[in-house]
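Per the UniProt record's numbering, the sequence shown starts with residue 1, numbered consecutively. Down below is the structure, laid out as structure tokens.
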Amino acid sequence: MIKVYALRGHISSSFDLIQFYIIVLLLLFLKNVRNILIDDIQTGVKQWQKEHFHKSSLPPQTLKETKQFEQDFELAQKQWSKRLKKVHTTKKEYYQACKTERSLQVQVRNAKSDPSGTAEQLKKTQEKLAKAEKDVYRTRDAYKMALADLNTESSRYVEEMTKVSS
Numbered sequence: 001m002i003k004v005y006a007l008r009g010h011i012s013s014s015f016d017l018i019q020f021y022i023i024v025l026l027l028l029f030l031k032n033v034r035n036i037l038i039d040d041i042q043t044g045v046k047q048w049q050k051e052h053f054h055k056s057s058l059p060p061q062t063l064k065e066t067k068q069f070e071q072d073f074e075l076a077q078k079q080w081s082k083r084l085k086k087v088h089t090t091k092k093e094y095y096q097a098c099k100t101e102r103s104l105q106v107q108v109r110n111a112k113s114d115p116s117g118t119a120e121q122l123k124k125t126q127e128k129l130a131k132a133e134k135d136v137y138r139t140r141d142a143y144k145m146a147l148a149d150l151n152t153e154s155s156r157y158v159e160e161m162t163k164v165s166s
């Protein structure tokens with residue numbers, strides 16, 4: 001109440017005084033609500049946590065339920081992540097092979113139109129292009145197979161993740 005007396009000197013009218021008392025009453029009410037929330041609800045929540053969550057006895061002090069969930073989640077993700085990683089690597093290889101093929105096509109086109117180039121250089125570039133085209137087909141097939149493998153795995157993955165989350 002010391003603050004109340006200090007602020008009273010700044011209040012000029014009875015209307016301001018009424019507003020001031022209303023604010024003080026609201027603050028007291030909010031403080032009372034805060035105490036109720038802390039005392040009743042927080043203790044209830046802590047009791048519920050003690051009943052439902054069990055801490056491990058080892059130093060990291062993690063919850064046993066959390067650790068079990070993480071292990072189940074990792075187990076369900078393992079095959080999926082392995083296949084997904086394979087899809088990403090084959091995709092990268094395929095796009096790199098396509099880029100190399102396009103570059104060699106431009107080189108062959110330039111070598112054909114260049115009068116100062118030799119037939120041997122043109123032949124070497126065409127051989128590189130043929131090899132690059134084979135590489136594109138090989139990497140495209142590998143990429144398609146990895147995608148198909150991932151698609152066949154998706155139903156099992158959804159089932160496993162449903163088990164983990166429930």
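Backbone N, C-alpha and C fix where the C-beta goes; we use that ideal spot for every residue, glycine too.
Which residues bound the alpha helix (DSSP H) around residue i?
{"i": "Asp149", "result": "119-165"}
{"i": "His52", "result": "43-52"}
{"i": "Lys55", "result": "Unbroken run through Lys55: none, as it is neither H nor E."}
State the DSSP-derived secondary structure class of residue i, mapped to helix, strand or coil.
{"i": "Met1", "result": "Legend: pLDDT at Met1 = 42, less than 50; position of this residue unreliable, value from coordinates given subsequently. Correct three-state label for Met1: coil."}
{"i": "Ser116", "result": "coil"}
{"i": "Ala6", "result": "Note that Ala6 scores 48 on pLDDT, short of 50, meaning its location in the model is unreliable; the coordinates nonetheless yield the value given after this. In this structure, Ala6 counts as helix in the three-state DSSP scheme."}
From the DSSP secondary-structure annotation, give me the bridge partner or partners of residue i.
{"i": "Leu63", "result": "Lys55"}
Which whole-angstrom value is the C-beta distance of residue i and residue j, which I expect to be below 8 angstroms?
{"i": "Arg140", "j": "Tyr94", "result": "6 angstroms"}
{"i": "Leu63", "j": "Lys50", "result": "Rounded, the Cβ-Cβ distance is 11 angstroms, inconsistent with contact."}
{"i": "Glu153", "j": "Gln79", "result": "6 angstroms"}
{"i": "Thr90", "j": "Tyr143", "result": "4 angstroms"}
{"i": "Val87", "j": "Leu37", "result": "Their Cβ separation, rounded to whole angstroms, is 50 angstroms, which puts Val87 and Leu37 out of contact at 8 angstroms."}
{"i": "Phe53", "j": "Glu65", "result": "6 angstroms"}
Taking 9 angstroms as the threshold (beta carbon to beta carbon), is residue i in contact with chain B?
{"i": "His88", "result": "This model lacks chain B altogether, as it is built from one protein chain only."}
Following a CB-centred definition, is residue i positioned closer than 8 angstroms to any heavy atom of the ligand SAH?
{"i": "Lys78", "result": "The ligand SAH is not part of this structure, which contains no ligands at all."}
Three CB pairs or more closer than 8 angstroms across the region 97-116 and the region 55-75: no
Stretch pair the region 129-138 + the region 91-109: three plus CB contacts closer than 8 angstroms: yes
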